[in-house]
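Chains as they are written, first to last, in our numbering: chain S, 1 to 165; chain G, 1001 to 1451.
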Amino acid sequence: MIAQRKVLTDEMVAKIEALAPRYPNRRALTLPALHIVNAELRHVPLEAVVEIAQVLGLAPAEVQDTLSFYQFFHQEKPHGTVRAFVCRSVSCALRGGDHLLEHLCHAYGVQPYGTTPDGQLTIEPAECLGACDFAPCILANDDLLTDMTPETATAELKKPRARAT
Amino acid sequence: MTPFKPVLLEAIGVPDGHTIASYKSRGGYAPLEATLAAKQPIDVVEMVKASGLRGRGGAGFPTGLKWTFLPKDHPGPIYLCINADESEPGTFNNRILMEDDPHQVIEGIILSSFATRASTAYLYLRYEYPRAWHRLQAAIDEAYAAGYLGTNIRGTGFSLDIYLHRGAAAYICGEETGLIESLEGKRAWPRIKPPFPAIEGLFRKPTVVNNVETMACVAQIARRGVEWFKSIGVPADPNNPRDPGSYGPKLYCLSGHVEKPGCYEAPLGITARQLIDEFGGGVWKGRAAKAVIPGGISMGLMTASELDTPLDFAGPGKVGCLGLGTAAVVVIDDQTSIVDFLHNSARFFAHESCGQCTPCREGTSWSLRILERIKAGKGRLKDLDILLELGTTMGMMPGSTICGLADGAAWPMKNAIKKFRGEFEDYIKRTNPSGWMVTDPVPALQIVGAH
């Protein structure tokens, strides 16, 4: 008997299957599948891991092993509707990146990696975002926020944003 | 010297420079058409070999030579992986190429696939580049529509698909076998080599992994010729038969404490001082430079007196740095604490160590803990020796790790302490007047966010 899926929608499974012809085996779909689920649910709960494993014909532990390697996928609860990566690597740090992160955590009353109680915003330290020409910078969903100051960043992160793709 | 005209960055400032129409109007795709019509794969390999092109991703391995390591007459499939996981702190040249001139990259990928007989190319793109993702996908769609991708391209029997594959924010995926493992859906643990990817790579098939800028260079060599490419840069040292030279234009990323950070194209061999003064508008706020990273943080540090070092493949090594790396030049001004710099570097590598090899996992973690302690005013002079001991024992070069991440962690540590030891000692004595001389073991401080 095929187990009933509870977390993955038919649409998600269709998106995963659409990518299958690109790879010679189904395990290579692991990362794309995690991204597809994460884009919808803003996290990848363990139930989703089990269901992805069923879809891909893998052991759940194989999918969980890959997921847990990347710190990217939240598992306990969804990240905010806006997920802000605040760069703290060298070029941004030289121009106030650490200060910016500290300021934003204070301004929004969250710890690094934390989410505001209304679920609107998650603030995460990030390693080099590859936008050192715009340091210090923040990646908020798909938007690169450039040459930030504590004031401009606080204002920018209040704005609603399109979902990350 | 005639003024150097940017080539790799020719689309910058051109309206709709990222579209296929703009690219073709600049001469793009004509070399591909000519190649497919009249040449054999081996001709493209020989062209790239003759050009002296060395990989732009960091290691500087000769590109044409890498291609010749593929087995002859292999039944296939052969894979080409494009490394767009650009994550070395200070580096953003690939982002600029992918966002502003994606067709230049794509033409290079098609030519390189033709040369290596690959029929599938995976472009592994770091998650943090959503704009590059959309620009590349749109450009790939345009290239399919124009008949440059797909089955039996231009009736030649050559077929190629390019697929974008997104990473998930892990530095180690830029290591070529880490990238391969990640693409296969596994944790990105680098593989022991040999076998090298050319023999057994992605999905256990012969594989070439090349950087984005390398692909752009291939497109430009096809357009402008081997002689043009070899007329730029630093020729091979005639007294050193093992020096392949540093030919061609290079994208230098300039950031940190400069007036005008940006990605600038210059002949290989420009000095850090020229970059800072002629392109970057000088060190910011009228200050002086204390130190400069020559090519991404893992290459170490040059002091203010080493700024006339040519930034070619051989230059940074002559002043004790690891190499040219990604040519990402980061300027650190004279108001910055070198202790803070090294703490930042150690935090990066402790966070990004993949955890596979114990010397790197533990070495980067303890480096950070020791620097955390120094920064908090509890350092001892002995800590500097411990850091140097860690720096000389972890890595591929001393032989204790599988990949070079730990060498990259060690180099800034070794360079900073060797070149700025006085500043470290002053800081430790000043902030820990009663304990700087202690040599007994002391407890670590708790640190947040290292892993």
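All residues carry an ideal CB built from backbone N, CA and C; glycine is no exception.
Inset, instruction - Assuming arginine 95 of chain S and proline 136 of chain S form a contact by the criterion Cβ under 8 Å, report the distance between their Cβ atoms to the nearest whole angstrom. - result: On the first sequence, residue 95 of chain S is found 95 positions in, with the first residue counted as 1. On the first sequence, residue 136 of chain S is found 136 positions in, with the first residue counted as 1. Indeed they touch by this definition, with Cβ atoms about 5 Å apart.
Inset, instruction - Determine the closest residue to lysine 1250 of chain G out of G:Ile1180, G:Gly1281 and G:Ala1327, with distance taken between C-alpha atoms. - result: For the purposes of this step, residue 1250 of chain G is identified with residue 250 of the second sequence, where counting begins at 1. For the options G:Ile1180, G:Gly1281 and G:Ala1327, the alpha carbon positioned closest to that of lysine 1250 of chain G is the one of G:Ala1327.
Inset, instruction - Rounded to whole angstroms, what's the CA-CA distance from glutamine 1335 of chain G to alanine 93 of chain S? Just pull it up for me. - result: By one-based count along the second sequence, residue 1335 of chain G stands at place 335. By one-based count along the first sequence, residue 93 of chain S stands at place 93. Distance between the alpha carbons of glutamine 1335 of chain G and alanine 93 of chain S: 14 Å.
Inset, instruction - State buried or exposed for arginine 1242 of chain G, treating a residue as buried only when at least 16 other CB atoms are found within 10 Å of its CB. - result: For the purposes of this step, residue 1242 of chain G is identified with residue 242 of the second sequence, where counting begins at 1. Under this definition arginine 1242 of chain G is an exposed residue.
Legend entry - Inter-stretch contact at 8 Å, needing at least 3 Cβ pairs: the region 1207–1218 of chain G / the region 1097–1115 of chain G: Three or more beta-carbon pairs separated by less than 8 Å link the region 1207–1218 of chain G to the region 1097–1115 of chain G, which places the two stretches in contact.
Legend entry - Straight-line Cα distance separating alanine 1118 of chain G from proline 1398 of chain G: What you label residue 1398 of chain G is simply residue 398 of the second sequence in a count that begins at 1. What you label residue 1118 of chain G is simply residue 118 of the second sequence in a count that begins at 1. For proline 1398 of chain G and alanine 1118 of chain G, the distance between alpha carbons rounds to 35 Å.
Legend entry - Residues, ordered as in the chain, of the region 124–153 of chain S that lie near chain G by beta-carbon distance below 9 Å: Result list: Pro125, Ala126, Glu127, Cys128, Leu129, Gly130, Ala131, Cys132, Asp133, Phe134, Ala135, Leu139, Asn141, Asp142, Asp143 and Leu144.
Inset, instruction - Apply the 10 Å Cβ neighbour rule to leucine 1445 of chain G and answer buried if 16 or more other Cβ atoms are within range, or exposed otherwise. - result: Taking the second sequence and counting its residues from 1, one reaches residue 1445 of chain G at position 445. By the 10 Å Cβ count, leucine 1445 of chain G comes out exposed.
Legend entry - Residues, ordered as in the chain, of the region 76–97 of chain S that lie near chain G by beta-carbon distance below 8 Å: Answer set for the region 76–97 of chain S: Phe85, Arg88, Ser89, Val90, Ser91, Ala93, Leu94 and Arg95.
Legend entry - CA-to-CA distance, leucine 1065 of chain G to alanine 1350 of chain G, given in whole angstroms: To locate residue 1350 of chain G, count along the second sequence from 1; it is residue 350. To locate residue 1065 of chain G, count along the second sequence from 1; it is residue 65. Distance between the alpha carbons of alanine 1350 of chain G and leucine 1065 of chain G is about 34 Å.
Inset, instruction - Using 10 angstroms around the beta-carbon of alanine 39 of chain S, count the other beta-carbons present and answer buried if the total reaches 16, otherwise exposed. - result: Within the first sequence, numbered from 1, the residue matching residue 39 of chain S stands at position 39. Exposed, since its Cβ has fewer than 16 Cβ neighbours within 10 Å.
Inset, instruction - Report the three-state DSSP secondary structure of valine 86 of chain S (helix, strand or coil). - result: Taking the first sequence and counting its residues from 1, one reaches residue 86 of chain S at position 86. Residue state, collapsed to three classes: strand.
Legend entry - Sequence-distant residues of its chain with Cβ nearer than 8 Å to aspartate 118 of chain S (five each side left out): For the purposes of this step, residue 118 of chain S is taken as residue 118 along the first sequence, with counting starting at 1. Answer for aspartate 118 of chain S: no residue qualifies.
Legend entry - Cα-Cα separation, leucine 1368 of chain G to alanine 1169 of chain G: By 1-based counting over the second sequence, the position of residue 1368 of chain G is 368. By 1-based counting over the second sequence, the position of residue 1169 of chain G is 169. In a straight line, the C-alpha of leucine 1368 of chain G is about 21 Å away from that of alanine 1169 of chain G.
Legend entry - Residue environment, glycine 1325 of chain G, which counts as buried when at least 16 other CB atoms sit within 10 Å: Counted from its first residue, the second sequence places residue 1325 of chain G at position 325. Here glycine 1325 of chain G is buried. Its C-beta has 16 or more other C-beta atoms within 10 Å.
Legend entry - Beta carbon of cysteine 1478 of chain G nearer than 8 Å to that of valine 1218 of chain G: Here chain G has residues from 1001 to 1451 only, and residue 1478 of chain G is not among them.
Legend entry - Proximity test, Cβ basis, 8 Å: glycine 1090 of chain G and chain S: For the purposes of this step, residue 1090 of chain G is identified with residue 90 of the second sequence, where counting begins at 1. Nearest CB-CB separation between glycine 1090 of chain G and chain S: below the 8 Å threshold.
Legend entry - Meets three-Cβ-pair contact criterion under 8 Å: the region 1317–1324 of chain G and the region 1396–1414 of chain G: Contact between the region 1317–1324 of chain G and the region 1396–1414 of chain G is present, with at least three C-beta pairs closer than 8 Å.
Inset, instruction - Measuring only between beta-carbons, confirm whether lysine 159 of chain S sits less than 8 Å from chain G. - result: For the purposes of this step, residue 159 of chain S is taken as residue 159 along the first sequence, with counting starting at 1. Judged by the 8 Å Cβ criterion, lysine 159 of chain S is not in contact with chain G.
Legend entry - Complete runs of the beta strand (DSSP E) confined to the region 1067–1119 of chain G [at least 3 residues]: List check, beta strand (DSSP E) in window: 1079–1084.
Legend entry - Neighbour flag for threonine 116 of chain S against chain G, beta carbons, 8 Å: The residue given as residue 116 of chain S occupies position 116 in the first sequence. No - not a single Cβ of chain G is within 8 Å of the one on threonine 116 of chain S.
Legend entry - Interface partners of threonine 122 of chain S on chain G, CB under 9 Å: Counting from 1 along the first sequence, the entry for residue 122 of chain S is found at position 122. Chain-ordered listing is empty here: chain G has no CB closer than 9 Å to the CB of threonine 122 of chain S, the nearest sitting near 14 Å.
Legend entry - Cut-off 6 Å between Cβ atoms - residues of its own chain near proline 1310 of chain G, not counting five sequence neighbours on either side: Position 310 of the second sequence, counting from 1, holds the residue named residue 1310 of chain G. Once the five neighbours on either side are set aside, the close Cβ partners of proline 1310 of chain G are Gly1269 and Thr1271.
Inset, instruction - Taking C-beta pairs closer than 7 Å, name the residues in chain G that histidine 103 of chain S reaches, listed in chain order. - result: As a working note, residue 103 of chain S is residue 103 in the first sequence. Correct list: empty, because the minimum Cβ distance to chain G is about 16 Å.
Legend entry - Stretch pair the region 1294–1312 of chain G + the region 42–62 of chain S: three plus CB contacts closer than 8 Å: Contact between the region 1294–1312 of chain G and the region 42–62 of chain S is absent, because fewer than three Cβ pairs lie under 8 Å.
Inset, instruction - Give, in chain order, every residue of the region 1246–1274 of chain G whose Cβ lies closer than 7 Å to some Cβ of chain S. - result: When CB distances to chain S are screened at a threshold of 7 Å, the residues of the region 1246–1274 of chain G falling below it are Cys1253, Ser1255, Gly1256, His1257, Pro1261, Gly1262 and Cys1263, in chain order.
Inset, instruction - Using DSSP bridges, identify the partner residues of aspartate 1333 of chain G. - result: As a first step, residue 1333 of chain G is located in the second sequence; it is residue number 333 there, counting from the start. According to DSSP, aspartate 1333 of chain G shares a beta bridge with G:Ala1289.
Inset, instruction - Look at the alpha carbon of proline 1197 of chain G and the alpha carbon of glycine 1060 of chain G, and state the distance between them as a whole number of angstroms. - result: Within the second sequence, numbered from 1, the residue matching residue 1197 of chain G stands at position 197. Within the second sequence, numbered from 1, the residue matching residue 1060 of chain G stands at position 60. Answer to the nearest angstrom: the Cα atoms are 16 Å apart.
Inset, instruction - Take tyrosine 1029 of chain G as the anchor and find which of G:Arg1054, G:Ala1139, G:Ala1050 and G:Ser1087 has the nearest alpha-carbon. - result: Translated into the one-based positions of the second sequence, residue 1029 of chain G becomes position 29. Considering only G:Arg1054, G:Ala1139, G:Ala1050 and G:Ser1087, the residue with the shortest C-alpha distance to tyrosine 1029 of chain G is G:Ala1139.
Inset, instruction - Could you tell me if methionine 1001 of chain G is buried or exposed, where buried requires 16 or more neighbouring beta carbons within 10 angstroms of its beta carbon? - result: In the second sequence, the residue the question calls residue 1001 of chain G occupies position 1. Note that methionine 1001 of chain G scores 48 on pLDDT, short of 50, meaning its location in the model is unreliable and no value can be drawn from it.
Legend entry - Three-state class that DSSP yields for serine 1400 of chain G in the structure shown: By 1-based counting over the second sequence, the position of residue 1400 of chain G is 400. Coil at serine 1400 of chain G, not helix or strand.
Inset, instruction - Report yes if the C-beta of glycine 1355 of chain G is less than 7 Å from at least one heavy atom of the ligand SAH; otherwise report no. - result: In terms of ligand content, the structure shown is empty, and the ligand SAH therefore cannot be addressed.
Legend entry - Per-residue burial, aspartate 1312 of chain G [other beta carbons within 10 Å of its own, 16 or more giving buried]: Along the second sequence, one-based indexing puts residue 1312 of chain G at 312. Here aspartate 1312 of chain G is buried: its Cβ has 16 or more other Cβ atoms, across all protein chains shown, within 10 Å.
Inset, instruction - Measuring alpha carbon to alpha carbon, tell me which of G:Arg1287, G:Ala1289 and G:Ser1255 ends up nearest glycine 1280 of chain G. - result: If you number the second sequence from 1, residue 1280 of chain G lands on position 280. Glycine 1280 of chain G has its Cα closest to that of G:Ser1255, out of G:Arg1287, G:Ala1289 and G:Ser1255.
Inset, instruction - Using a Cβ cut-off of 8 Å (strictly closer), state whether tyrosine 108 of chain S contacts chain G. - result: Numbered from 1 along the first sequence, position 108 holds the residue referred to as residue 108 of chain S. So no, tyrosine 108 of chain S is outside the interface.
Legend entry - Sequence-distant residues of the same chain with beta carbon closer than 6 Å to isoleucine 1338 of chain G, five excluded per side: For the purposes of this step, residue 1338 of chain G is taken as the residue at position 338 of the second sequence. The residues are Ala1416, Phe1420 and Glu1423.
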